[in-house]
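Numbering-wise (the working numbering), the sequence shown opens with residue 184 and increments by one.
No residue lacks a Cβ here, since even glycine has one placed at the ideal position from N, Cα and C.
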Amino acid sequence: MTKSQERPKEPVALAEKATEKPPLVAKKSALPKPPTQQAKSVKKAQALEEKRPEQSKPPGPLAMKSPEPEAPPRPQRSMDKEIEPLPESRTGDTAQSKRQASGAADAAKRAPQLFVRPEELLSQGWIQEAEKNREKEEKERQPPSGSDIVAMAPSPAPNLFSMPGEAGTPDDLPDIQQGNLTFLNTKAHRFAPFVRRVALRVFQHLIILQRKNLNINDVVAAREMSTIEAKLDDKGILKGLVIQTRSGSYAIDSALLKACENGAWDENPPPEAHAEDGLIHFVFRSNINAQYDDLGLRSVLTTLQVGLI
C-alpha cells in the first residue's frame with residue numbers, strides 16, 4: 184500500500200465526532216398526584232346526592248271538577264254468523280244420524296221446499312217430525328167404544344117406515360094423498376097425517392136415545408124386532424104402554440119404551456081413529472141392525488113400523 188493511498192486518521196475521527204448527536208436529557212415534568220382520602224370522600228358525597236330522589240312537595244288542595252257523563256258502552260258486534268251445515272258424505276249410520284239430528288233442530292226454523300227429494304226431507308228432519316207427531320196422536324187417540332160407535336154411525340136411510348114389500352092389497356082411498364110411508368094396515372093409511380105426526384115424533388126420540396145410550400154389544404144382541412102397543416085417549420094423551428115382543432136386548436127394548444113415553448101423543452087426534460073401547464091403539468115395531476164391510480162397522484140401521492088398530 185502506498186503512502187498516497189493512506190487516509191489520515193484524524194479527519195475521520197473528527198467526522199465521526201461531528202456526526203455524533205448530543206445526548207438527550209430527560210426533563211422532569213409535573214405528574215398528577217394521587218387523590219387524597221379527603222377528595223375521595225367528597226366525590227362519594229356528590230354521587231350520593233345525585234342519586235337521592237328529589238323530595239316531593241306536599242300536595243296542594245285539589246280542584247273539584249263536575250263529573251262528566253259516561254258514554255254508553257258500544258254494543259259488541261257478534262262475529263258469529265249462522266252457517267248452514269254442509270251436506271256430509273253418506274258414509275254409514277253415523278253420518279246419517281248426524282244429519283238427522285242437525286236437521287231436526289233446524290226443521291222448525293225453515294219452511295219445506297217444493298219438489299224436494301225424500302233423502303233431503305229426511306236430512307232436514309221434516310219426515311222425522313211428522314212421524315213423531317203421528318205416533319203421539321195415535322197414543323193419545325183412543326178407539327171408540329160403547330155409545331160412541333153408535334153415535335158415529337151415519338143417519339138412517341130414507342123411507343125407513345116402509346116395509347120391504349107391499350102389505351096386503353092397496354085400497355082405493357081417493358081422499359088420502361099418496362106418500363113415501365107405508366104403514367102396517369089400512370087404518371093407518373086412512374089417518375096418515377095423524378099417524379105420521381106421532382110416528383115421526385117417536386122415531387126422533389128413538390134415534391136420540393139409541394145414539395146416547397147404546398153400545399155395539401147391545402146392537403149385536405138384538406135378534407128380533409121389539410113391539411110396543413101405545414094407548415091414547417080421545418084427547419091424544421098417553422094412557423098406557425104394553426110390550427108385546429122383545430128383541431133380545433134389554434137396552435133396545437128400553438130405548439123404544441122411553442121413545443114411546445116421550446113421543447106418543449097428539450094435540451088434535453081424529454075422532455074416528457079410536458077403537459071400540461074409546462082409545463086410540465098404536466103399534467110401534469122397531470128393529471136395529473149393524474152393517475159391516477171390510478174395514479169394520481159401517482153403519483147402524485134403525486127401522487120403525489107403525490100401525491093403527
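- The Cβ atoms of residue 392 and residue 434 lie no closer than 7 Å to each other.
- Burial is judged here by how many other beta carbons sit within 10 angstroms of a residue's own beta carbon; residue 420 has fewer than 16 and is exposed.
- Ranking 469, 464 and 432 by CA distance to the CA of residue 388 puts 469 first.
- DSSP places residue 465 in the strand class (E or B) of the three-state scheme.
- Here residue 477 is exposed. Its C-beta has fewer than 16 other C-beta atoms within 10 Å.
- Exposed is the label assigned to residue 461, since fewer than 16 other Cβ atoms lie within 10 Å of its Cβ.
- Residue 482: member of the beta strand (DSSP E) spanning 479 to 491, first to last residue.
- In summary, residue 231 is exposed, with fewer than 16 beta-carbon neighbours lying within 10 Å of its beta-carbon over all protein chains present.
- Cβ neighbours of residue 386 within its own chain (closer than 6 Å, five residues either side excluded): 487.
- In terms of Cβ geometry, residue 464 and residue 492 form a close pair [threshold 7 Å].
- Between residue 414 and residue 448, the alpha-carbon positions lie close to 9 Å from each other.
- Take residue 317, set aside five residues on each side of it, and no residue of its chain has a beta-carbon closer than 7 Å to its own.
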